[in-house]
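Take a look at the structure below.
2 protein chains.
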Amino acid sequence: MRKIKLSPRQEEIIRLVKENEPITSKEIASKLNLTRAALRPDLAILTMTGILDAKPKVGYIYSQKPSYSLIYDYIRKIKAKDIMSKPVVVNEETTVYDAIVNLFLNDVGTLFIENDNFLVGAVSRKDFLKIAMGGTDTHKVPVGVIMTRMPNIVYVGKDDNAYTIAKKIIEHEVDSLPVVEKVFKDNKESFKIIGKVSKTNITRLFVRLGENG
Amino acid sequence: MRKIKLSPRQEEIIRLVKENEPITSKEIASKLNLTRAALRPDLAILTMTGILDAKPKVGYIYSQKPSYSLIYDYIRKIKAKDIMSKPVVVNEETTVYDAIVNLFLNDVGTLFIENDNFLVGAVSRKDFLKIAMGGTDTHKVPVGVIMTRMPNIVYVGKDDNAYTIAKKIIEHEVDSLPVVEKVFKDNKESFKIIGKVSKTNITRLFVRLGENG
Chain C
1 MRKIKLSPRQ EEIIRLVKEN EPITSKEIAS KLNLTRAALR PDLAILTMTG
51 ILDAKPKVGY IYSQKPSYSL IYDYIRKIKA KDIMSKPVVV NEETTVYDAI
101 VNLFLNDVGT LFIENDNFLV GAVSRKDFLK IAMGGTDTHK VPVGVIMTRM
151 PNIVYVGKDD NAYTIAKKII EHEVDSLPVV EKVFKDNKES FKIIGKVSKT
201 NITRLFVRLG ENG
Chain A
1 MRKIKLSPRQ EEIIRLVKEN EPITSKEIAS KLNLTRAALR PDLAILTMTG
51 ILDAKPKVGY IYSQKPSYSL IYDYIRKIKA KDIMSKPVVV NEETTVYDAI
101 VNLFLNDVGT LFIENDNFLV GAVSRKDFLK IAMGGTDTHK VPVGVIMTRM
151 PNIVYVGKDD NAYTIAKKII EHEVDSLPVV EKVFKDNKES FKIIGKVSKT
201 NITRLFVRLG ENG
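Here it is, written out as structure tokens:
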């Protein structure tokens, strides 16, 4: 990763602003023994990168805020296909017991349920815990009976961006979203599951964003 | 939120580079009818913001990468105390059944367990599901018996930054970390639970980072 390399003069300007904010360009120029014209390119860079904030008629202040537009753009350039994991999928005829075993073996929080290779539902750890506490015979009941059923499953496409996905996860209060491909089957829209993006994938991406350059 | 406002000339330079990359500053200057000296401040801004990349002896290319250092700094300026939620805490004498009821009522994924107001353990939805499947009498067993016990709990302090927290969550494969305050009790280090940060908090922060300016 690349870092912005500031010149020694730019670092000196930042130090001056931190210590004297708000400070005018005239005052900075005088402290540095420079003309205001000579200072202009440096101040332009420091304000455009968001390191300094120029308040009209007040002066420059030090800003702790980054240039959000860069983060904004970056987060939107990362797609589901770049961060998705392998989904764990079971058939809707699977017993709840076997489904839970599958959940543990694969150490995931959500199972996606399919029928004839198409997405029909999803079950979370929370759903399973509710069922297990309710005294249901998990060896007899098929997972299809207890799953959240399409069309009530929130999903994303492989080109949906990380921001959109994270927003859907938060808004719909789910841990994981299936990444699907739409296909037409018997004249009806159906969905093939090609991946999943969970809060874990978003957290992992967050760590990647924050890694040292 | 603030966006970098590029000048029309800077936008024109980006367009030229996109269409002709790699392109030297001399070529850009000639296409714009400018001297290289006049162009220098604009090129400095565009490379320092990470929009253009200057390859020595090759020329300028368009870079899709943001200035990571800004994201890097920003993610480290956000602290646990800025993003933490209220933890759900039960006493270690609570039965597993009541603890699970508590988990559902508060709709959380992890319960923190205390004794005498100090953190002694944690139990996740996954732990509870394992117990519920195992045929344990959840009405009789206290949660203290099944919890992960200190010192095996990963925790953070209120001034730990979001990057550190997310990294701990991923490395230790947990959903949620308690935010604690160290105190000395009977000459021993003990921990008061003052909050929690989960993958949900990190995902929410990620959404906030990506919000439009």
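Residue numbers (the UniProt record's numbering), protein chains in the order written: chain C, 1 to 213; chain A, 1 to 213.
For glycine and all other residues, C-beta sits at the position ideal for the given N, C-alpha and C.
Can you give the Cα-Cα distance for residue i and residue j, rounded to whole angstroms?
i                         : j                            : result
aspartate 127 of chain C  : methionine 147 of chain C    : 8 Å
glycine 144 of chain C    : valine 17 of chain A         : 55 Å
leucine 111 of chain C    : asparagine 102 of chain C    : 8 Å
glutamate 171 of chain A  : lysine 185 of chain A        : 30 Å
glutamate 21 of chain C   : lysine 57 of chain C         : 13 Å
valine 197 of chain A     : glutamate 173 of chain A     : 14 Å
isoleucine 61 of chain C  : arginine 15 of chain C       : 11 Å
leucine 105 of chain C    : aspartate 137 of chain A     : 24 Å
isoleucine 193 of chain A : isoleucine 193 of chain C    : 40 Å
aspartate 42 of chain A   : isoleucine 113 of chain C    : 55 Å
glutamate 189 of chain A  : glycine 135 of chain A       : 37 Å
proline 66 of chain C     : alanine 166 of chain A       : Since pLDDT at proline 66 of chain C reaches only 49, below the 50 mark, its modelled position is unreliable, and the value read off the structure follows with that caveat. Distance between the alpha carbons of proline 66 of chain C and alanine 166 of chain A is about 20 Å.
glutamate 92 of chain C   : glycine 121 of chain C       : 8 Å
arginine 2 of chain C     : phenylalanine 118 of chain C : The predicted model places arginine 2 of chain C with a pLDDT of 36, which falls under 50 and marks its position as unreliable; any figure quoted below should be read in that light. The alpha-carbon atoms of arginine 2 of chain C and phenylalanine 118 of chain C are separated by roughly 43 Å.
Measure from the C-beta of residue i to each C-beta in chain C and report whether the shortest distance is under 9 Å.
i                        : result
proline 66 of chain A    : Summary for proline 66 of chain A: the model assigns pLDDT 49, below 50, so the residue's position carries little reliability; its value from the coordinates is reported in the next sentence. Interface residue, yes.
glycine 210 of chain A   : yes
methionine 84 of chain A : no
isoleucine 75 of chain A : yes
leucine 177 of chain A   : no
Could you list which residues in chain A have their beta carbon closer than 8 Å to that of residue i, in chain order?
i                            : result
valine 207 of chain C        : Tyr163, Ala166, Lys167, Ile170
phenylalanine 128 of chain C : Leu129
Would residue i pass as an interface residue toward chain A - the criterion being a Cβ-Cβ separation below 9 Å?
i                         : result
isoleucine 153 of chain C : no
lysine 140 of chain C     : no
proline 87 of chain C     : no
methionine 147 of chain C : no
glycine 109 of chain C    : yes
tyrosine 62 of chain C    : no
threonine 200 of chain C  : yes
Figure out for me which residue from the options has the closest Cα to the Cα of residue i.
i                         : options                                : result
asparagine 115 of chain C : C:Asp42, C:Ile165, C:Thr47, C:Thr94    : C:Thr94
lysine 31 of chain A      : A:Phe184, A:Met48, A:Ile13, A:Lys158   : A:Ile13
threonine 164 of chain C  : C:Lys57, C:Tyr72, C:Leu34, C:Ser7      : C:Tyr72
valine 179 of chain A     : A:Ala29, A:Ile153, A:Thr203            : A:Ile153
glycine 210 of chain C    : A:Thr200, A:Met48, A:Thr138, A:Ile78   : A:Ile78
residue 214 of chain A    : A:Thr35, A:Leu46, A:Glu19              : In the structure displayed, chain A extends from 1 to 213; residue 214 of chain A sits before or after that span and is not available.
aspartate 98 of chain C   : C:Tyr74, C:Leu119, C:Gly134, C:Val141  : C:Val141
aspartate 160 of chain C  : C:Thr35, C:Glu19, C:Ala37, C:Arg76     : C:Arg76
lysine 86 of chain C      : C:Val123, C:Ser176, C:Lys188           : C:Ser176
lysine 81 of chain C      : C:Ile202, C:Gly157, C:Ser190, C:Arg204 : C:Gly157
isoleucine 169 of chain C : C:Arg149, C:Thr203, C:Glu181           : C:Thr203
leucine 129 of chain C    : A:Leu34, A:Val96, A:Phe191, A:Asn91    : A:Val96
isoleucine 23 of chain C  : C:Leu52, C:Leu34, C:Met150             : C:Leu52
tyrosine 74 of chain A    : C:Ala162, C:Ala37, C:Lys55, C:Gly50    : C:Gly50
glycine 109 of chain A    : A:Met133, A:Asn201, A:Val183, A:Ala162 : A:Asn201
valine 88 of chain A      : A:Ala54, A:Met150, A:Gly195, A:Glu181  : A:Gly195
proline 151 of chain A    : A:Ile100, A:Phe191, A:Ala29            : A:Phe191
isoleucine 6 of chain C   : A:Met84, A:Leu205, A:Ala44             : The question names isoleucine, yet the displayed sequence has leucine at residue 6 of chain C. Closest option to leucine 6 of chain C, Cα to Cα, is A:Ala44.
Could you tell me which residues DSSP pairs with residue i in its beta bridges?
i                        : result
isoleucine 71 of chain A : For isoleucine 71 of chain A, which the question treats as bridged, DSSP gives no partner whatsoever.
threonine 188 of chain A : It is worth fixing the name first, because residue 188 of chain A is lysine in this sequence and not threonine. Bridge partners of lysine 188 of chain A: A:Lys185.
lysine 196 of chain A    : A:Ser85, A:Pro178
valine 123 of chain C    : C:Leu111
glycine 59 of chain A    : A:Lys55
Which residues of chain C have a Cβ atom closer than 7 Å to the Cβ of residue i, listed in chain order?
i                         : result
methionine 133 of chain A : Ile100, Ala132
isoleucine 13 of chain A  : Within chain C, no residue comes near isoleucine 13 of chain A; the closest Cβ sits about 14 Å away, beyond 7 Å.
arginine 125 of chain A   : Arg125, Lys126, Leu129
arginine 9 of chain A     : Ordered by position in chain C, no residue passes the 7 Å Cβ test against arginine 9 of chain A, which lies about 12 Å from the chain.
Under 7 Å Cβ-Cβ, which residues of chain A neighbour residue i?
i                    : result
lysine 55 of chain C : Result: empty, since nearest Cβ-Cβ is about 12 Å, beyond 7 Å.
Can you pull the chain C residues whose beta carbon is under 9 Å from the beta carbon of residue i, in chain order?
i                     : result
proline 41 of chain A : Arg40, Pro41, Ala44, Ile45
Just the chain C side, please: which residues come within less than 8 Å of residue i by C-beta, in chain order?
i                         : result
isoleucine 113 of chain A : Result: empty, since nearest Cβ-Cβ is about 18 Å, beyond 8 Å.
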